[in-house]
Amino acid sequence: MTIDLFFQYLFAGVTYGIIYAIVAIGFNIIYNTTGIINFAQGEFVMLGGMISISLLPFVPLPVAIALAVLVTMLVGAAIEIIFIRWLDNPSVLRLIIITIALSILIREGSLHIWGESIRSLPYFYGNEISAIAIGSVRISPQVLWVIGVCGIIVLGLSLFFKTAPLGREMRACSANRTAAILCGINTRNMVTFSFMLSAAIGALAGCVMSPITYTQYDSGTPLAIKGFTVAILGGLGNSMGAVAAGILLGILEAFSISVLPLAYQDVIAIAILLIILFVRPHGLFGSSEAAGLKEF
Amino acid sequence: MKKLIKGIILGTAACSLLAVPAMADTIKVGAIFAVTGGASFLGGPEARSAKMVVEEINKAGGINGNTIELIIKDSGADPGKAISYAKQLIEEEKVLAIIGPSTSGETMKLKKIAEQGKTPLISCGAAEVIVNPVASYVFKTPQKDSYAVQKIYGEMKNLGITKIAVLAGNTGFGKAGKKQLMDAAKDFGITVVANETYDKKATDLTAVVAKLKANKDIQAVVNWSIVPAQAIIAKNMRQAGWEVPLFQSHGFGNIKYVEAAGAAAEGIIFPAGRLLIAESLEDSNPQKALLLKYKKDYEAKHKEAASTFGGHGYDAMTILAEAIKIGGNDREKVRTAIENLKGFAGTGGIFNYSAEDHNGLDIDSFVMLTVKDGKFVAYESKK
Numbered sequence: 002m003t004i005d006l007f008f009q010y011l012f013a014g015v016t017y018g019i020i021y022a023i024v025a026i027g028f029n030i031i032y033n034t035t036g037i038i039n040f041a042q043g044e045f046v047m048l049g050g051m052i053s054i055s056l057l058p059f060v061p062l063p064v065a066i067a068l069a070v071l072v073t074m075l076v077g078a079a080i081e082i083i084f085i086r087w088l089d090n091p092s093v094l095r096l097i098i099i100t101i102a103l104s105i106l107i108r109e110g111s112l113h114i115w116g117e118s119i120r121s122l123p124y125f126y127g128n129e130i131s132a133i134a135i136g137s138v139r140i141s142p143q144v145l146w147v148i149g150v151c152g153i154i155v156l157g158l159s160l161f162f163k164t165a166p167l168g169r170e171m172r173a174c175s176a177n178r179t180a181a182i183l184c185g186i187n188t189r190n191m192v193t194f195s196f197m198l199s200a201a202i203g204a205l206a207g208c209v210m211s212p213i214t215y216t217q218y219d220s221g222t223p224l225a226i227k228g229f230t231v232a233i234l235g236g237l238g239n240s241m242g243a244v245a246a247g248i249l250l251g252i253l254e255a256f257s258i259s260v261l262p263l264a265y266q267d268v269i270a271i272a273i274l275l276i277i278l279f280v281r282p283h284g285l286f287g288s289s290e291a292a293g294l295k296e297f
Numbered sequence: 078m079k080k081l082i083k084g085i086i087l088g089t090a091a092c093s094l095l096a097v098p099a100m101a102d103t104i105k106v107g108a109i110f111a112v113t114g115g116a117s118f119l120g121g122p123e124a125r126s127a128k129m130v131v132e133e134i135n136k137a138g139g140i141n142g143n144t145i146e147l148i149i150k151d152s153g154a155d156p157g158k159a160i161s162y163a164k165q166l167i168e169e170e171k172v173l174a175i176i177g178p179s180t181s182g183e184t185m186k187l188k189k190i191a192e193q194g195k196t197p198l199i200s201c202g203a204a205e206v207i208v209n210p211v212a213s214y215v216f217k218t219p220q221k222d223s224y225a226v227q228k229i230y231g232e233m234k235n236l237g238i239t240k241i242a243v244l245a246g247n248t249g250f251g252k253a254g255k256k257q258l259m260d261a262a263k264d265f266g267i268t269v270v271a272n273e274t275y276d277k278k279a280t281d282l283t284a285v286v287a288k289l290k291a292n293k294d295i296q297a298v299v300n301w302s303i304v305p306a307q308a309i310i311a312k313n314m315r316q317a318g319w320e321v322p323l324f325q326s327h328g329f330g331n332i333k334y335v336e337a338a339g340a341a342a343e344g345i346i347f348p349a350g351r352l353l354i355a356e357s358l359e360d361s362n363p364q365k366a367l368l369l370k371y372k373k374d375y376e377a378k379h380k381e382a383a384s385t386f387g388g389h390g391y392d393a394m395t396i397l398a399e400a401i402k403i404g405g406n407d408r409e410k411v412r413t414a415i416e417n418l419k420g421f422a423g424t425g426g427i428f429n430y431s432a433e434d435h436n437g438l439d440i441d442s443f444v445m446l447t448v449k450d451g452k453f454v455a456y457e458s459k460k
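Note that the protein sequences, when read in sequence, are chains S and W.
Its first residue numbered 2, the first sequence is counted upward by one per residue in our numbering.
Its first residue numbered 78, the second sequence is counted upward by one per residue in our numbering.
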């Protein structure tokens, strides 16, 4: 393999990987506060893309994206308030089934609103054929946007959870719910807030990746599967683990093309998911003791 | 209780009495289209076009005074669903004929069911295997994929291209097309030096483009699919600065793909029916008036650009309507009427059906097109 080809694969892999990582972080935020996997996470990504595309004819691109993130946040909050908040001590299985149903509902609703055609935002910089050459490696400027925005999301989140009072309350809620209630934290609001936060980052990711991958009413599901794999691989609830695992999976997928036929690309992700579930269910970067304390 | 039962019986009897005269002048036609799911690009426009034809017929007083009732089922491109809908339409609804399904994979599963149910099926699937070998009740409206392959390879020969890469989506259409490409290459002196299949939901192909680009032998790429990856491959190739010609299948005949690929769509070469360049046809062309009418009606009604796929649904319904004119509400007579249809102008070409040919189109129903300034234009062959 030539050096050029190596870097070309590497960039492709990092691009896929960081997108998976963002979806996985969305899973993690909700998992941390509620202990459930929100299978409608992929739909947040799709909604972000679709709403910003619909708003674009009326407002400039940054405003459209900001509004799309806001609307998706409200959708996330509405989902939690209408379907989850009032449940008294629901089982994990019940919550998972609710989120799967919601993902189907959002998908079918989007089909009715936006139809079956693919849509995309315009490239933020340049157009479909512009590329930035680094040596003889050529990448689309949008790839840098994706990597940059997703990087900022990851940094911002880790700062938020470490320093902001709200972020610390959310962490307290995930560490020990009963203790958090005793400290006067409103855990129900924290759950609502976690849905809003993960909807927002999903939507933002959906906007930046839309020019590269296109947005279609059903584009959320495959992303959710990859994101779930990455979340498990990195250790559920561990956001930095998700970033590392996401990039690892992306790079593995990209390099697999050099030895395996392209059609096997998805097999790799699923095979890794199965192996991890059998061998290290707490993920590459999670601790087995902590995982043992969780319900799911 | 007795009274209630009596009431129900009387009620049903009254209903059926009322219904009988109404049934006599309603002809039921079934339609199975992938309105949702991975092939919704095909099924959506097809269903809308067929519905449009039926509305027009009924508005004009029906066929020989009989109105058409179109029962559309959404298969979501799932062969399993297509099978159960086909059985339901044939056995329960007792439809005269079925138009669709949208994809080749589904059609292959329905071939036997149509034969056993002795119900004419006019498919909108492109693969040649649908009508080869011929099944007496199965017809299709899109041009054969083997003609598309011959058109593409013929053009490559003109351009002096001998070594190519083949990419295909993992759908029925992609697989059938890939096989045709592999089989026909030798006849045109072309070698396929690399071939790859991608998932129908693929969202990025930069890695595979990098791999193919590293192979300096490749003079052109042929991509065969009906999914959004058609636009993605074009973008990824141009972003990588790879300037070899990109050929696509007739699955590219939807302006939405051009919009999706933007500047990267420029110069893509593909075979398609004449619908996409209807305005620039000679006035003497027997299809021109029809194409312009379909395009105008469809675009006015649905506020979206007409595609060749919608045209396949339109053709299926107009051909069936023509056959009903001759055969009435009788499956066997309608089947014979379709088989004997000659010189019928549709959006896909001039249909000449026969007992041996259930597609009815020849290679001239395809023209080579290219994309220029975001629009489809006729491709000027470079000799």
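Positions of the beta carbon are idealized from the N, C-alpha and C atoms, including for glycine.
Check: Exposure of residue 266 of chain S, with buried meaning 16 or more beta-carbon neighbours within 10 Å; Outcome: buried
Check: DSSP three-state assignment for residue 45 of chain S, whether helix, strand or coil; Outcome: helix
Check: Proximity of residue 242 of chain S and residue 203 of chain S at Cβ, strictly below 8 Å; Outcome: no
Check: Beta carbon proximity, residue 210 of chain W to chain S, threshold 8 Å; Outcome: no
Check: Cβ contact (3+ pairs, closer than 8 Å) linking the region 216–232 of chain W and the region 258–265 of chain W; Outcome: yes
Check: Best match in W/179, W/398, W/414 for proximity to residue 146 of chain W [C-alpha to C-alpha]; Outcome: W/398
Check: Residues bridged to residue 205 of chain S [DSSP beta-bridge criterion]; Outcome: None; residue 205 of chain S has no bridge partner.
Check: Sequence-distant residues of its chain with Cβ nearer than 6 Å to residue 234 of chain W (five each side left out); Outcome: 265
Check: Coarse secondary structure for residue 455 of chain W, derived from DSSP in three states; Outcome: strand
Check: Whole-Å CB distance - residue 151 of chain S paired with residue 78 of chain S, under 8 Å assumed; Outcome: About 23 Å; that fails the 8 Å criterion.
Check: Inter-stretch contact (C-beta, 8 Å, three-pair minimum) for the region 199–217 of chain W and the region 290–301 of chain W; Outcome: no
Check: Check whether residue 59 of chain W and residue 214 of chain S have beta carbons under 8 Å apart; Outcome: The structure shown has nothing for residue 59 of chain W, since chain W only spans 78 to 460.
Check: Residue 98 of chain W (DSSP reduced to helix, strand or coil); Outcome: Reliability of the predicted coordinates at residue 98 of chain W is poor, the pLDDT of 41 falling under 50, and no value is obtained from them.
Check: Cutoff 8 Å: residue 259 of chain S Cβ touching any chain W Cβ; Outcome: yes
Check: Extent of the continuous alpha helix (DSSP H) run through residue 170 of chain S; Outcome: 166–176
Check: Range of the contiguous alpha helix (DSSP H) that encloses residue 386 of chain W; Outcome: 385–404
Check: 7 Å Cβ shell around residue 112 of chain W - same chain, five flanking residues per side excluded; Outcome: 120, 121, 124, 151
Check: Neighbour flag for residue 118 of chain S against chain W, beta carbons, 8 Å; Outcome: yes
Check: Length of the line joining the Cα atoms of residue 98 of chain W and residue 415 of chain W; Outcome: Confidence in residue 98 of chain W is poor, its pLDDT being 41 and thus under 50, which makes the residue's placement unreliable; the coordinate value appears in the next sentence. Each residue's alpha carbon lies about 28 Å from the other.
Check: Nearest-angstrom beta carbon gap, residue 401 of chain W and residue 140 of chain W [assumed within contact, 8 Å]; Outcome: 5 Å
Check: Own chain residues within Cβ distance below 6 Å of residue 107 of chain W, not counting five before or after; Outcome: 148, 166, 172, 175
Check: Sub-8 Å separation of residue 311 of chain W and residue 341 of chain W beta-carbons; Outcome: yes
Check: The region 250–267 of chain W: positions lying closer than 7 Å to chain S by Cβ; Outcome: none
Check: Backbone secondary structure at residue 145 of chain W - three-state DSSP; Outcome: strand
Check: Test: residue 316 of chain W CB closer than 8 Å to a CB of chain S; Outcome: yes
Check: C-beta contact flag for residue 317 of chain W and residue 139 of chain S at 8 Å; Outcome: yes
Check: Interface partners of residue 141 of chain S on chain W, CB under 7 Å; Outcome: 316
Check: Alpha carbon of residue 143 of chain W to alpha carbon of residue 305 of chain W, nearest angstrom; Outcome: 41 Å
Check: Endpoints, alpha helix (DSSP H) assigned at residue 136 of chain W; Outcome: 117–136
Check: Amino acids of chain S, ordered along the chain, whose beta-carbon sits closer than 8 Å to that of residue 305 of chain W; Outcome: 119, 215, 217
Check: Span of the beta strand (DSSP E), counted from its first residue to its last, around residue 323 of chain W; Outcome: 323–325
Check: Whole-number beta carbon distance between residue 197 of chain S and residue 170 of chain S, since they are thought to touch under 8 Å; Outcome: With a Cβ gap of about 14 Å, residue 170 of chain S and residue 197 of chain S do not count as contacting.
Check: Beta carbon proximity, residue 89 of chain S to chain W, threshold 8 Å; Outcome: no
Check: Within-8 Å CB hit, residue 288 of chain W to chain S; Outcome: yes
Check: Every unbroken beta strand (DSSP E) within the region 267–338 of chain W, with a cutoff of 3 residues, ordered by chain; Outcome: 268–275, 297–301, 323–325
Check: Cβ-Cβ distance between residue 275 of chain W and residue 313 of chain W below 8 Å; Outcome: no
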